[in-house]
Amino acid sequence: MVTSWRIGTATFHLWKNICVRGDPTLGKRSWHGLIWSLVTVVWLLSFMTPLLPLTIGFLMVPVLMLYVKTTTRSFILYYVGSLLVVYLLSALQGLFLISISLFFLPPVLAMGSLYKRKAAARTVLTAGTVTLLGESLLSLMISALSGLNPIGSYKAMMNDYFQNIMQPALKQMLGSDQDLYLNAMVQWIPTFLIMMAVFYVFVSHGLSRWLLNKTGESIPGLRPMREWMLPRTFVWLYLLALILGLFIPTSTSMVSTILQNLLPLLIFVFTIQALAFLYYIIHQKGWNRALPFTATALLAIMWPLMFVYSLLGVVDVAFPIRERFKKNM
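The numbering used here puts the first residue of the sequence shown at 233, with every later residue one more than the last.
Now the structure itself:
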């Protein structure tokens, strides 16, 4: 371990000299590059520590900062150098850490390029989410074509959890529905992938934009949440999914799988719409600013309320209640 650390330290100093001499911008941008490449190294190495649950959600941030704060040529030097240091400091585990970093590189490049062009936040978030989701689906396809079966492995892992790890009380509660629940978990994989992509991209955008604006950049943000409004097409899609869900039995068919993924996603987006409506009312009334956070916290504690919230979101989109509320003010 000591030898690896010495080699890694020596490599870092050598790589620093190469990067600084090879960076045509020098000055402040060079130091930004060095700082964020070092943060990238520390962040990846944190995956080998108990800090993993805290740091994994912000994996894209250091690389995104590095890309925006340096030129393309300098970014390649800094990024490759940081991966080399990670490999030298963590030996074989470094290959796994490098593969994780490379997996998240395409959405970083997509978002970073749009940041440099001062694109709208909505465009950045859409590009990042679509890129990460497309990459996840492509990885599953390549794995399947290579003879691997990631979905089968996931199902086996969940089955092992049900049989050997799950608490007896929960197992008894599920009873004979364990197989049904297991199949549902497999069918919900598309929803998990979409939610994962949305989570990583939104978290990365929020923190990166704040850091970039603090360091002299001017990155556009989203409109205030109280102004958010879904297209009315989503209302018809939501109603259609609800009606079809009443008549199409749960099975492994394609239509059933689509419904089982579409309905939770629509409930989620309309729940966000409901929160936007509550934020709007609170803003118009001039009520205490703690109320929006209370509404959000209540939802986090009592997540079954999502369905009730989603109905409020549907009403907000389907009917002009905001205009009527303004007239009555």
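Positions of the beta carbon are idealized from the N, C-alpha and C atoms, including for glycine.
- Message: I need the straight-line Cα distance from residue 505 to residue 534, nearest angstrom please.
- Response: Residue 505 sits at position 273 when you count from the first residue of the sequence shown. Residue 534 sits at position 302 when you count from the first residue of the sequence shown. Answer to the nearest angstrom: the Cα atoms are 18 Å apart.
- Query: Looking at the unbroken alpha helix (DSSP H) that takes in residue 509, where does it start and where does it end?
  - Reply: For the purposes of this step, residue 509 is taken as residue 277 along the sequence shown, with counting starting at 1. Looking at the DSSP string, the run of the alpha helix (DSSP H) that includes residue 509 is 486 to 517.
- Considering only the beta carbon of each residue, do residue 503 and residue 541 sit closer than 8 Å? By one-based count along the sequence shown, residue 503 stands at place 271. By one-based count along the sequence shown, residue 541 stands at place 309. Between residue 503 and residue 541, the C-beta gap is smaller than 8 Å, which places the two residues in contact.
- Query: Considering only residues of the region 263 to 292, which uninterrupted alpha helix (DSSP H) runs meet the minimum length of 4 residues and lie entirely inside it, listed in chain order?
  - Reply: Here the runs fully enclosed are 284 to 287.
- Anticipated Cβ contact below 8 Å, residue 435 with residue 364, distance rounded: Numbered from 1 along the sequence shown, position 203 holds the residue referred to as residue 435. Numbered from 1 along the sequence shown, position 132 holds the residue referred to as residue 364. Rounded, the Cβ-Cβ distance is 12 Å, inconsistent with contact.
- Item | Close beta carbons around residue 479, own chain, < 7 Å, minus the five adjacent residues each side | Here residue 479 corresponds to residue number 247 of the sequence shown, with the count starting at 1. Once the five neighbours on either side are set aside, residue 479 has no close Cβ partner at all.
- Query: Using CA coordinates, which residue listed in 466, 496, 473 and 285 is at the minimum distance from residue 536?
  - Reply: Along the sequence shown, read from residue 1 onward, the residue named residue 536 stands at position 304. If we check each option's Cα against that of residue 536, 496 comes out closest.
- Message: Quick check on this structure: which residue in 316, 388 and 543 has the alpha carbon closest to the alpha carbon of residue 418?
- Response: As a first step, residue 418 must be located in the sequence shown, where it is residue number 186. Nearest of 316, 388 and 543 to residue 418, Cα basis: 388.
- Message: DSSP three-state label for residue 367, please.
- Response: Residue mapping note: residue 367 aligns to position 135 of the sequence shown, counting from 1. Three-state result, residue 367: helix.
- Task: Closer than 8 Å by C-beta to residue 466: which residues in its own chain qualify, once you throw out the five before and the five after it? Chain order, please.
- Result: In the sequence shown, counting from the first residue as 1, residue 466 sits at position 234. Answer for residue 466: 498, 501, 502 and 549, listed in chain order.
- Per DSSP, what kind of secondary structure is residue 450 in: helix, strand or coil? Taking the sequence shown and counting its residues from 1, one reaches residue 450 at position 218. Coil at residue 450, not helix or strand.
- When you compare only the Cα positions, how much space is there between residue 538 and residue 459? Indexing the sequence shown from 1 puts residue 538 at position 306. Indexing the sequence shown from 1 puts residue 459 at position 227. Rounded to the nearest angstrom, the two C-alpha atoms are 20 Å apart.
- Just the Cα atoms here: how many angstroms apart are residue 269 and residue 342? What you label residue 269 is simply residue 37 of the sequence shown in a count that begins at 1. What you label residue 342 is simply residue 110 of the sequence shown in a count that begins at 1. If you take the alpha carbons of residue 269 and residue 342, they lie about 19 Å apart.
- Query: So, is residue 633 buried or exposed, given that buried needs 16 or more other C-beta atoms within 10 angstroms?
  - Reply: Shown here, the chain extends from 233 to 561; a query on residue 633 therefore has no answer.
- May I have the straight-line CA-CA distance separating residue 563 from residue 527, to the nearest angstrom? Given that the chain is displayed from residue 233 to residue 561, the structure contains no residue 563 and the question cannot be resolved.
- Message: I need the straight-line Cα distance from residue 369 to residue 265, nearest angstrom please.
- Response: Position 137 of the sequence shown holds residue 369. Position 33 of the sequence shown holds residue 265. Looking at the two C-alpha atoms, the distance is approximately 32 Å.
- What's the call for residue 551, buried or exposed, on a 16-neighbour Cβ count within 10 Å? For the purposes of this step, residue 551 is taken as the residue at position 319 of the sequence shown. Residue 551 is exposed by the Cβ-count criterion.
- Report the three-state DSSP secondary structure of residue 480 (helix, strand or coil). Counting from 1 along the sequence shown, the entry for residue 480 is found at position 248. Here residue 480 sits in coil by DSSP.
- Message: Please report the distance separating the alpha-carbon of residue 309 from that of residue 415.
- Response: The residue you call residue 309 lines up with position 77 of the sequence shown. The residue you call residue 415 lines up with position 183 of the sequence shown. So the two alpha carbons sit approximately 46 Å from each other.
- Message: Within the continuous alpha helix (DSSP H) that includes residue 555, where are the two ends?
- Response: Numbered from 1 along the sequence shown, position 323 holds the residue referred to as residue 555. 553 to 559 is the span of the alpha helix (DSSP H), which, as asked, contains residue 555.
- Message: Runs of 4 residues minimum, wholly inside the region 306 to 345: which ones carry the alpha helix (DSSP H) assignment?
- Response: DSSP runs (the alpha helix (DSSP H)) wholly in the region 306 to 345: 324 to 335.
- Query: Per DSSP, what kind of secondary structure is residue 379 in: helix, strand or coil?
  - Reply: For the purposes of this step, residue 379 is identified with residue 147 of the sequence shown, where counting begins at 1. Correct three-state label for residue 379: coil.
- DSSP three-state assignment for residue 520, whether helix, strand or coil: As a working note, residue 520 is residue 288 in the sequence shown. In the structure shown, residue 520 sits in coil (DSSP, three-state: anything other than H, G, I, E or B).
- Task: Return helix, strand or coil for residue 544, following the three-state DSSP convention.
- Result: By one-based count along the sequence shown, residue 544 stands at place 312. Reduced to three states, the DSSP call for residue 544 is helix.
- By how many angstroms is the C-alpha of residue 299 removed from the C-alpha of residue 263? Position 31 of the sequence shown, counted from the first residue, corresponds to residue 263. Position 67 of the sequence shown, counted from the first residue, corresponds to residue 299. Cα to Cα, the separation comes out at about 13 Å.
- residue 314 vs residue 281 beta-carbon contact at 8 Å: Along the sequence shown, one-based indexing puts residue 314 at 82. Along the sequence shown, one-based indexing puts residue 281 at 49. Not a contact, by the Cβ cut-off of 8 Å.
- Message: Counting C-beta neighbours from all protein chains within 10 Å, is the total for residue 445 16 or more, i.e. buried, or is it exposed?
- Response: As a position in the sequence shown, residue 445 is number 213, starting the count at 1. Per the 10 Å Cβ criterion, exposed.
- Could you round the C-beta distance between residue 329 and residue 276 to whole angstroms and report it? I think they count as a contact, below 8 Å. Residue mapping note: residue 329 aligns to position 97 of the sequence shown, counting from 1. Residue mapping note: residue 276 aligns to position 44 of the sequence shown, counting from 1. Indeed, because the Cβ distance is near 5 Å, the residues count as touching under 8 Å.
- Query: Helix, strand or coil: how does DSSP classify residue 462 here?
  - Reply: As a first step, residue 462 is located in the sequence shown; it is residue number 230 there, counting from the start. Three-state result, residue 462: coil.
- Measure the alpha-carbon distance for residue 610 versus residue 382 and round it to whole angstroms. This structure leaves residue 610 out entirely; the chain is present only between 233 and 561.
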